[in-house]
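In case it helps, full-length UniProt numbering puts the sequence shown at residues 1 to 271.
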Amino acid sequence: MPIVREPLDPKISMWYFLAFYLRFWREKMGLSLTQCGEIMGVTRGTVSNFEAGRRRLQDDHARALDRHFGTGLLFQLLLWFARMAHDPNWGKQLVKYEQEAALIKTYHGQVIPLALQTDEYTWAYVQTSTRKDFEAAMERRVARKRSFFGRGDDVEMWATLDESVLAREVGGPRVMKAQLEHLLATSDLPQFSIRIVPFKSGAHIGVDGSLQVLSLESRDIAYSGAQNGGRLIEAPGEVRELSVMFDRIGAKALSEEGSREIIKRYLESYE
Numbered sequence: 001m002p003i004v005r006e007p008l009d010p011k012i013s014m015w016y017f018l019a020f021y022l023r024f025w026r027e028k029m030g031l032s033l034t035q036c037g038e039i040m041g042v043t044r045g046t047v048s049n050f051e052a053g054r055r056r057l058q059d060d061h062a063r064a065l066d067r068h069f070g071t072g073l074l075f076q077l078l079l080w081f082a083r084m085a086h087d088p089n090w091g092k093q094l095v096k097y098e099q100e101a102a103l104i105k106t107y108h109g110q111v112i113p114l115a116l117q118t119d120e121y122t123w124a125y126v127q128t129s130t131r132k133d134f135e136a137a138m139e140r141r142v143a144r145k146r147s148f149f150g151r152g153d154d155v156e157m158w159a160t161l162d163e164s165v166l167a168r169e170v171g172g173p174r175v176m177k178a179q180l181e182h183l184l185a186t187s188d189l190p191q192f193s194i195r196i197v198p199f200k201s202g203a204h205i206g207v208d209g210s211l212q213v214l215s216l217e218s219r220d221i222a223y224s225g226a227q228n229g230g231r232l233i234e235a236p237g238e239v240r241e242l243s244v245m246f247d248r249i250g251a252k253a254l255s256e257e258g259s260r261e262i263i264k265r266y267l268e269s270y271e
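Listed below in structure tokens is the structure:
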């Protein structure tokens, strides 16, 4: 007999609430996974992933469900609230999206992005965190880096960094020297574009925090960083705003060649 999973707990997050009601209505109407998939134009497996929280409904899916079930705007409104609400599982979902993205555009003003960090640099930041299990935290971050580089040229990264990232000595001179060498070497790889926003560029909107825009096969999603966490953004309009913000920060940055030169200048201070 096939394994029947328990429904997700709808009290955990709005995304789980949406997945719970998708299954509730499907079973209420006596539909199989395949039949429900035909309504939304997706496969049986995709519906199963929706209900298990492994994938997320999109606007066209919600409209199709409301139209078929006669639920007015129920699924469309649940989707809207899910996108607007804090999701306690956003970190895991972000990692999943990073593994699917063909292009990652990222801005950081305080720290070198994880994918571009040496393990020693990563460890220095792990030790400053409030997490109790440093080893487990380090293992997760290293696994995330390896997953990114394991994709080879299937994924590109456009990284814009504030000069303060280069100026901040993390882990001591030896660690920072190795990190700058690694950043310089990575900047020569064809799948990477690394640009630096110099101090002399003056004020810019990047001081509000880090951000990422990830281009998936059929849509873009974004991440906005903040103290004590961040927020995963899936609403198309807000994602576009973050993408424009990334471009505006980039307008203040040096060229790729100019950025390599400034990295070299900081590296020379450790010679």
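In this text, a Cβ means the ideal position worked out from N, Cα and C, and glycines have one as well.
Short of 8 angstroms in beta carbon distance, which residues of its chain neighbour residue i, apart from the five on each side in sequence? Order them along the chain.
i           : result
residue 62  : 75, 76, 78, 79
residue 71  : 25, 65
residue 142 : 119, 122
residue 241 : none
Select from the options the residue whose C-alpha is nearest the C-alpha of residue i.
i           : options            : result
residue 217 : 102, 269, 142      : 102
residue 148 : 73, 94, 255        : 94
residue 135 : 123, 146, 182, 145 : 123
residue 27  : 69, 244, 145       : 69
residue 225 : 264, 236, 25, 211  : 211
residue 111 : 104, 126, 100, 99  : 126
residue 84  : 262, 141, 18, 177  : 18
residue 104 : 221, 82, 240       : 221
residue 109 : 253, 266, 173, 269 : 253
residue 203 : 167, 214, 238, 251 : 251
residue 157 : 49, 230, 246       : 246
residue 166 : 6, 208, 29, 194    : 194
residue 263 : 243, 241, 240, 182 : 182
residue 173 : 42, 270, 58, 55    : 270
residue 8   : 49, 44, 31, 30     : 49
residue 91  : 231, 59, 265       : 231
residue 155 : 133, 142, 189      : 189
residue 56  : 219, 261, 238      : 219
residue 59  : 237, 265, 10       : 237
I'd like the list of long-range same chain contacts for residue i, defined as Cβ closer than 6 angstroms, with 5 residues on each side in sequence excluded.
i           : result
residue 47  : 33, 36, 37
residue 163 : 196, 198, 199
residue 267 : 180
residue 235 : 83
residue 40  : 61, 64
residue 169 : 176
residue 2   : Reliability of the predicted coordinates at residue 2 is poor, the pLDDT of 49 falling under 50, and the value obtained from them is presented with this limitation in mind. Excluding residues within five positions, none has a Cβ falling inside 6 angstroms.
residue 43  : 37
My assumption, with CB atoms under 8 angstroms, is that residue i sits in contact with residue j. Please give the rounded CB distance.
i           : j           : result
residue 233 : residue 160 : The pair is not a contact, with the Cβ atoms about 18 angstroms apart (cut-off 8 angstroms).
residue 256 : residue 187 : 7 angstroms
residue 184 : residue 145 : Contact doesn't hold; Cβ gap of about 18 angstroms is too wide.
residue 191 : residue 153 : 5 angstroms
residue 53  : residue 16  : 6 angstroms
residue 213 : residue 243 : 5 angstroms
Which residues share a DSSP beta bridge with residue i?
i           : result
residue 225 : 230
residue 213 : 105, 222
residue 192 : 157
residue 197 : 162
Answer yes or no: does any C-beta atom of chain D fall closer than 7 angstroms to that of residue i?
i         : result
residue 7 : Going by chain labels, chain D is absent from the structure shown, which holds only one protein chain.
Just to confirm my understanding: we take residue i, look at its own chain, exclude 5 residues before and 5 after, and list those with CB closer than 7 angstroms. What are they?
i           : result
residue 120 : 171, 175, 178
residue 51  : 19, 22, 23
residue 137 : 126, 129, 131
residue 206 : 107, 109, 162, 197, 249
residue 99  : 147
residue 215 : 101, 102, 103
residue 151 : none
residue 5   : 52
Quiz prompt | 3-residue-minimum beta strand (DSSP E) runs that sit fully inside the region 92–171, ordered along the chain | solution = 103–108, 156–162
Practice problem: Counting only runs of 4+ residues fully inside the region 6–30, write out the alpha helix (DSSP H) ranges in chain order. | Solution: 14–28
Self-check item: Unbroken stretches of the alpha helix (DSSP H), 4 residues or longer, contained in the UniProt domain "HTH cro/C1-type" (22–78)
Solution: 33–40, 44–52, 59–69
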